[in-house]
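Working notes for the structure below.
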Amino acid sequence: MCGICHAQPFKVEKFDIKGDGGTDYVTVEPATGRVFVSRGTHMMVVEGAAGKVLGDIPNTPVVHGAGIATKAGHGFTTNGGDSTAMMFDLKTLAEIKRIKISQGGLDGIMYDEPDDKIILTNHSRPVGTLTALDPRTGDIVATVELEDNAPEGAAADGKGHIFVNNEVKNTMQVIDVKTWKAVASWPLAPCEGPTGIAYDKASDRIFSGCNNTSVVVDPNNGKIVATIKNGTRVDALAWDPSKKLIYIPNGGQGNVTVVHQDSPDKYSVVDTVATFPGAKTITADPMTHNVYLFQPERGPAPAPVGDAAAPAPGGRGRGPQGPIVASWFIVIRQ
């Protein structure tokens with residue numbers, strides 16, 4: 546008997562959208578099909594299906610990602626460079642206001658639709674924090690201290706809980722949105738470095754993207770009900786609920802593991818789709834079923850000169866990077 550029955554092949558297209566800057570998260574707005582691509586100091590807005598640049602949001606220092614609240618008409622960026630969340634108009638892309646996040650360490654961001662909140666996960670010190678914003682006003686509604694200074698993805702179940710992956714401690718914390726307190730912490734072993742996360746309402750399961758082995762969690766008790774083998778350098782996860790497909794990016798080798806949910810506790814890898822080395826964040830449009838990634842391609846690094854030619858203490862440090870020669874916006878279609 547076929548447990549997968551997924552006969553459609555995946556097609557990959559790459560578009561060079563140009564522009565300067567590295568990247569972190571990509572976020573799709575299902576209502577319009579636009580994809581918001583972080584570029585270090587600015588946010589590019591792309592027509593996802595066509596790979597066409599529609600606009601650009603400037604002055605976002607060390608931007609990590611975007612949260613899109615379509616009903617409120619507002620988007621938000623997480624700017625690590627000046628510890629602000631910028632609220633902008635979704636129609637004009639014009640800045641409306643900046644919200645200072647005193648804890649700093651801004652990184653992850655998502656729109657919690659059931660609770661109508663923008664959720665930030667901050668790599669603040671000494672402990673990480675979760676910040677909730679009102680998507681209409683930009684006001685800070687709550688701040689929650691977490692157990693790890695590297696919280697990553699967050700997902701809401703629509704039942705009053707937000708789940709947060711902690712990348713260093715390899716745990717998942719549960720936040721009560723009525724009290725804005727952490728009420729549970731679940732170990733995720735064999736998961737290492739949990740980042741991307743998604744919740745599926747139909748099966749009542751949480752998917753946590755991890756390096757090498759991702760996990761499926763029962764949100765009622767924190768039990769791991771299934772494991773999934775995938776690649777390395779995972780920094781996000783995408784879920785298409787109607788297709789019952791999980792997409793887990795592998796930045797190390799430049800591919801995406803596509804996984805089908807056969808039942809709430811059974812999962813099958815249906816394909817490994819080649820993308821581009823370094824592409825480690827991902828977003829899926831539940832309307833079009835297109836999946837998007839982004840990664841700049843760099844040319845050879847310049848030869849170091851003077852003191853830069855000496856190896857860093859302990860052999861650490863990235864060293865100089867080569868110039869960007871292409872900015873690959875990647876579309877996976879069925």
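Residue 546 is where the sequence shown starts when you use the numbering used here, and the numbers rise one by one after that. Ideal Cβ positions, reconstructed from N, Cα and C, are used throughout, including at glycine.
Backbone secondary structure at residue 604 - three-state DSSP: Translated into the one-based positions of the sequence shown, residue 604 becomes position 59. Correct three-state label for residue 604: coil.
Cβ neighbours of residue 828 in the same chain (closer than 6 Å, five flanking residues each side left out): On the sequence shown, position 283 is the one that residue 828 refers to. For residue 828, where only same-chain residues beyond five positions count, the Cβ hits under 6 Å are 571, 572, 573, 783, 837.
Residue closest to residue 605, alpha-carbon to alpha-carbon, out of 725, 587, 867: In the sequence shown, counting from the first residue as 1, residue 605 sits at position 60. Of the candidates 725, 587, 867, the one whose C-alpha sits nearest the C-alpha of residue 605 is 587.
Residue 724 classed as buried or exposed, judged by whether at least 16 other C-beta atoms fall within 10 angstroms: Along the sequence shown, one-based indexing puts residue 724 at 179. Exposed, by the Cβ-count rule.
8 Å contact criterion, which residue 826 and residue 794 should meet: CB distance rounded: What you label residue 826 is simply residue 281 of the sequence shown in a count that begins at 1. What you label residue 794 is simply residue 249 of the sequence shown in a count that begins at 1. With 8 Å as the limit, residue 826 and residue 794 qualify as a contact, their Cβ atoms being about 7 Å apart.
contact_flag[the stretch 584 to 600, the stretch 648 to 660] where n(CB pairs < 8 Å) is 3 or more: no
Assigned secondary structure, residue 850 (DSSP; H/G/I helix, E/B strand, else coil): Along the sequence shown, read from residue 1 onward, the residue named residue 850 stands at position 305. The answer is coil: DSSP assigns residue 850 none of H, G, I, E or B.
9 Å Cβ cutoff, residue 598 in contact with chain B: Protein chain content of the structure displayed is limited to a single chain, and chain B is not contained in it.
Residue closest to residue 891, alpha-carbon to alpha-carbon, out of 727, 659, 686, 728: Given a span of 546 to 879 for the chain in the structure shown, any question on residue 891 remains unanswerable.
Beta-carbon proximity of residue 666 to residue 643, cut-off 9 Å: Here residue 666 corresponds to residue number 121 of the sequence shown, with the count starting at 1. Here residue 643 corresponds to residue number 98 of the sequence shown, with the count starting at 1. No, they are not a contact pair.
Bridge-paired residues (DSSP) for residue 811: The residue labelled residue 811 in the question sits at position 266 within the sequence shown. 808, per the DSSP bridge assignment.
Beta-carbon proximity list for residue 721, same chain, < 6 Å, skipping 5 on both sides: Walking along the sequence shown from the start, residue 721 turns up at place 176. These residues qualify, in order along the chain: 728.
Inter-residue spacing [alpha-carbon to alpha-carbon] between residue 823 and residue 798: On the sequence shown, position 278 is the one that residue 823 refers to. On the sequence shown, position 253 is the one that residue 798 refers to. Approximately 7 Å between the Cα atoms of the pair.
Exposure label - residue 808; buried when at least 16 CB within 10 Å: For this step, residue 808 is matched to residue 263 along the sequence shown. Exposed, by the Cβ-count rule.
Whole-Å CB distance - residue 739 paired with residue 711, under 8 Å assumed: Reading the sequence shown from its first residue, position 194 is the one you call residue 739. Reading the sequence shown from its first residue, position 166 is the one you call residue 711. The pair is a contact, with the Cβ atoms about 7 Å apart (cut-off 8 Å).
Residue environment, residue 684, which counts as buried when at least 16 other CB atoms sit within 10 Å: Taking the first residue of the sequence shown as position 1, residue 684 is located at position 139. It is exposed - the Cβ of residue 684 has fewer than 16 other Cβ atoms within 10 Å.
Candidates 618, 616, 633, of which the one nearest residue 624 by Cα: Here residue 624 is taken as the residue at index 79 of the sequence shown, counted from 1. Residue 624 has its Cα closest to that of 633, out of 618, 616, 633.
Residue 766 classed as buried or exposed, judged by whether at least 16 other C-beta atoms fall within 10 angstroms: The residue labelled residue 766 in the question sits at position 221 within the sequence shown. Exposed, because fewer than 16 other Cβ atoms sit within 10 Å of the Cβ of residue 766.
Contiguous beta strand (DSSP E) assignments of at least 3 residues, all confined to the stretch 752 to 828: 758 to 762, 769 to 774, 783 to 785, 790 to 795, 800 to 808, 811 to 819
Buried or exposed (CB count within 10 angstroms, at least 16 for buried), residue 848: To locate residue 848, count along the sequence shown from 1; it is residue 303. Under this definition residue 848 is an exposed residue.
Assigned exposure category for residue 558 - 16 Cβ within 10 Å defines buried: For this step, residue 558 is matched to residue 13 along the sequence shown. Exposed is the call here.
Own chain, CB closer than 6 Å to residue 565, minus 5 neighbours either side, in chain order: Counted from its first residue, the sequence shown places residue 565 at position 20. Taken in chain order, the list of residues that qualify is empty.
Local conformation of residue 579 per DSSP, three classes: Taking the first residue of the sequence shown as position 1, residue 579 is located at position 34. Of the three classes helix, strand and coil, the one that applies to residue 579 here is strand, per DSSP.
For residue 721, three-class secondary structure by DSSP: Reading the sequence shown from its first residue, position 176 is the one you call residue 721. Three-state result, residue 721: strand.
Between the CA atoms of residue 719 and residue 496 - distance to the nearest angstrom: Nothing can be reported for residue 496, as the shown portion of the chain is limited to 546 through 879.
Proximity of residue 743 and residue 700 at Cβ, strictly below 9 Å: The residue you call residue 743 lines up with position 198 of the sequence shown. The residue you call residue 700 lines up with position 155 of the sequence shown. Yes, they are a contact pair.
Counted within 10 angstroms of its Cβ, other Cβ atoms place residue 830 as buried (16 or more) or exposed: Residue 830 sits at position 285 when you count from the first residue of the sequence shown. With 16 or more Cβ atoms within 10 Å of its Cβ, residue 830 is classed as buried.
Separation of residue 868 from residue 705, as counted between CA atoms: In the sequence shown, counting from the first residue as 1, residue 705 sits at position 160. In the sequence shown, counting from the first residue as 1, residue 868 sits at position 323. If you take the alpha carbons of residue 705 and residue 868, they lie about 46 Å apart.
C-alpha distance - residue 626 paired with residue 653, whole-angstrom precision: Indexing the sequence shown from 1 puts residue 626 at position 81. Indexing the sequence shown from 1 puts residue 653 at position 108. Using only the alpha carbons, I get a separation of about 14 Å.
Simplified DSSP state of residue 672, which is helix, strand or coil: Taking the first residue of the sequence shown as 1, we reach residue 672 at position 127. Of the three classes helix, strand and coil, the one that applies to residue 672 here is coil, per DSSP.
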